[in-house]
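As you go down the protein sequences, you meet chains A and B in turn.
Note that the numbering used here has the first sequence beginning at -8, numbered continuously upward.
Note that the numbering used here has the second sequence beginning at 412, numbered continuously upward.
Cβ atoms here follow ideal geometry from the backbone N, Cα and C, with glycine treated the same way.
This structure is a prediction, so every number in the text was calculated from the model and none was measured.
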Amino acid sequence: MEILIPKTLDEALALMAERGGELTPIAGGTDVLVSWHSREHESLKLLDLSRLGAELGSIRFSDEHLHLGALSTYWQAIDNAQVREEFPLLVAAAKEVGAIQIQTRGTWAGNIGNGSPAADGVPALLACDAVVVLSSKSETVEAPLHEFWTGYKQTVRQSDQLIVEIKVPRRDRDFQHWHKVGSRAAQAITKVGVAMAHDAEGWRIAANSVAPYVVRCRAVEKALDEGRKFGRPEDLEELLAADVAPIDDIRSTGEFRRKVLARIIYFGLAEPSIKPLADVGA
Amino acid sequence: MGSNSDSKGEGGGGAPGGVSRRSFLQGMGLAVGVATVPLGLRESSAAPGAVSGIGPGPARLRLKINGAEKIVDVEPRLTLNDVLRDELDLTGTKLVCGRGACGACTVMVDGESVCSCMMLAVDARGKEITTVEGLAGSDGTLDPVQAAFIEFDGQQCGFCTPGMVVRARAFLNEHPEPTREDVQHGLSGNICRCGTYDGVIAAVLSAAGKEASKA
Ligand SMILES: Cc1cc2nc3c(=O)[nH]c(=O)nc-3n(C[C@H](O)[C@H](O)[C@H](O)COP(=O)(O)OP(=O)(O)OC[C@H]3O[C@@H](n4cnc5c(N)ncnc54)[C@H](O)[C@@H]3O)c2cc1C
Ligand code: FES
Ligand code: FES
């Protein structure tokens, strides 16, 4: 195994330009190091991002956005009072990624970069309309997270690009709900999960472990945007047939996933997990 | 458990309708990546070839462990856990699952709880590493958490215990006055095969109480 350890983002991007196709970036390593034993040690070439903390490690706010640097972790978000106040959905998701020892190391960008359909950070980011900022040696571009995946572990990221930041719009969200179903409360990979939010731009409903990548449930969003009320979970199930394609696997079955997804959306609409703060005025 | 990286069993199926967006875009003759919005050109100052790689052969690392600088010559593929146990003989830190799922290998890195099996040793450079060996005072006085584990029988076979103790220490630094639920959640990354959780929780609550009354 070979490791390249750039000290600046410019060095990292120069390396990506030269050898991006053969390099595996490593941030917290909580995905990369799970599978590395099975890899050919000699052929694995890691681009260690760990020295880029000064450039990529922070969480900050601009007027319009929350900026999650590519090396920022779940723990940093949980630990940040302003993130807790303005983005409770992200914090709810962060607290359910693995356990604390994973939250201290796992990054939001790594969750996107790994591209698992079961990723828990991604649905919360999708429901908040996040945008992925990608840099190469020559330019910086933005890709809306909902257009980032094109297939199972296939993305619009080019081989010379690194994720440098995730931008999440600051908005008044009057509804937020998060629900993860796993086999136990901590340290479990999601069997089915949902993140939901409503703001002036409409409904955002993102579900994980029900399609080749984490997806927005467009048919359900559209129905809700049109003001439809759901009297029973079965009606949601019908709509979801167009939105998701869950499979049977070691963790669950497609049928279970479809039925449970409809119900966690249905019950979430009735009683969201994140209570909006009561506004009692001046 | 723990692996999100395998291609099997993640709940995803083939692309809905059998056409992935990528193949659709390619079929349209569009470059994949069309969704991106350019923001501007970057000026890169890095000279190509400025960074040379290390590995697969050994490289020299300086690590700061329990307050002391340690120099090791190791292959860069090694994890912090490998280096602690095999190079530095700090075998208090255990290795069980090797994939972040059990917490037996927990150490503190700049005060945060980390699975040493999931961190490359090269990444630990420049950071303060505390292992279970570093908790007691230099005169051998046990950390209040260690003393409470003894008092409350916080272990049976003891294999998970160093990880539990290190996590409990970091947890109490984060939550000086925890509830029982806080302890359960805070230690949920540490698995005990013997099921001695009741003793562990009692020990952590007792240590918290003693520290609070001293403060
Ligand atoms: C025990 C355990 C439990 C877990 N539980 C959960 C869980 O409950 N929910 C969940 O969602 N995940 C879980 N995970 C998976 C993992 O922790 C998360 O996906 C995490 O966000 C990955 O972040 P990282 O920084 O560690 O990624 P890394 O392992 O460093 O990288 C992951 C991938 O992203 C790429 N990448 C990283 N940074 C960049 C960048 N800047 N630009 C381009 N590509 C990049 C890497 O090349 C790699 O392919 C778990 C993992 C373990 C070991
Ligand atoms: S050995 Fe590191 S978490 Fe299990
Ligand atoms: S005491 Fe045996 S594993 Fe915990």
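Contact residues of the stretch 504 to 532 of chain B toward chain A are R510, G511, A512, G514, T517, E523, S524, V525, C526, M529, M530 and L531 (C-beta to C-beta distance below 7 angstroms). DSSP places G272(A) outside any beta strand (DSSP E), giving it a letter other than H or E.
Using a cutoff of 7 angstroms, the CB of P16(A) counts as near ligand 1, since one of the ligand's heavy atoms is closer than that. Put simply, the backbone Cα of V211(A) is about 35 angstroms away from that of S599(B). For S524(B) and I196(A), the gap between their C-alpha atoms comes out near 33 angstroms.
Residues of the same chain with a CB within less than 7 angstroms of the CB of P555(B), apart from the 5 flanking positions on each side, are A618, K621 and E622 in chain order.
Under the Cβ distance rule, P(-3)(A) counts among the residues neighbouring chain B, one pair being separated by less than 8 angstroms.
Residue M7(A) holds the alpha-carbon nearest to the alpha-carbon of L125(A) among I(-4)(A), M7(A) and F247(A). Taking a contact to require three or more Cβ pairs closer than 8 angstroms, the stretch 144 to 155 of chain A and the stretch 98 to 110 of chain A qualify as touching. Residue burial is scored here from C-beta neighbours: I561(B) has fewer than 16 other C-beta atoms within 10 angstroms and is therefore classed as exposed. For the stretch 466 to 494 of chain B, the residues whose beta carbon sits under 8 angstroms from a beta carbon of chain A are, in order, G466, P467, E486, P487, R488 and T490.
Within 7 angstroms of the C-beta of V462(B) there is not a single heavy atom belonging to ligand 2.
In the three-state scheme derived from DSSP, where H, G and I count as helix and E and B as strand, G142(A) is classed as strand.
In the same chain as Q149(A), and ignoring 5 residues on each side of it, the C-beta atoms closer than 7 angstroms to its own belong to S127, in chain order.
Residues of chain B whose Cβ lies closer than 9 angstroms to the Cβ of M(-8)(A) are, in chain order, G466, P467, E486, P487 and R488. When beta bridges are read from the DSSP output, H189(A) appears opposite F166(A) and W194(A). The contact set of T21(A) on chain B, defined by CB atoms closer than 7 angstroms, consists of G511 and M529 in chain order.
Here the C-alpha atom of F570(B) lies approximately 7 angstroms from the C-alpha atom of A515(B).
Checking the 7 angstroms criterion, the Cβ of T21(A) is within range of a heavy atom belonging to ligand 1. Cβ-Cβ distances below 8 angstroms link G545(B) to I476, N477 and G478 in the same chain, with the five nearest sequence neighbours on each side left out; the list follows chain order.
DSSP places F52(A) in the strand class (E or B) of the three-state scheme.
Proximity of chain A to L452(B) at the Cβ level (cut-off 9 angstroms) is accounted for by S129, E130 and T131, in chain order.
Judged by DSSP secondary structure, A470(B) falls within the beta strand (DSSP E) whose first and last residues are A470 to I476. Around the beta carbon of P79(A), 16 or more other beta carbons sit within 10 angstroms, so the residue counts as buried. Across the structure, F247(A) and L215(A) are spaced so that their CA atoms are roughly 23 angstroms apart. In the DSSP assignment, T572(B) falls within the alpha helix (DSSP H) that extends over T572 to E585. Chain order gives no chain B residues near R207(A), where near means a beta carbon separation below 8 angstroms; the closest approach is about 13 angstroms. Look at G551(B): its C-beta is not under 8 angstroms from any C-beta on chain A. Per DSSP, K621(B) is one residue of the alpha helix (DSSP H) stretching across Y608 to K625. Residue burial annotation: P114(A) is buried, with at least 16 other C-beta atoms found within 10 angstroms of its C-beta.
Those residues that have a beta carbon less than 6 angstroms away from any non-hydrogen atom of ligand 2 are, in order along the chain, L506(B), V507(B), C508(B), G509(B), G511(B), A512(B), C513(B), G514(B), A515(B), C516(B), C526(B) and C528(B). When the Cα atoms are used, A109(A) and V235(A) turn out to be separated by approximately 13 angstroms.
Spatial neighbours of I465(B) in its own chain (CB-CB distance under 7 angstroms, excluding positions within 5 residues in sequence) are listed in chain order as P487. Per the C-alpha coordinates, the member of V74(A), I180(A), T131(A) and P237(A) positioned closest to S53(A) is V74(A). Counting of Cβ neighbours within 10 angstroms places S63(A) among the buried residues, the total reaching 16 or more. Uninterrupted alpha helix (DSSP H) stretches at least 4 residues long and entirely within the stretch 78 to 143 of chain A occur at 79 to 85, 91 to 94, 99 to 105 and 112 to 118, given in chain order.
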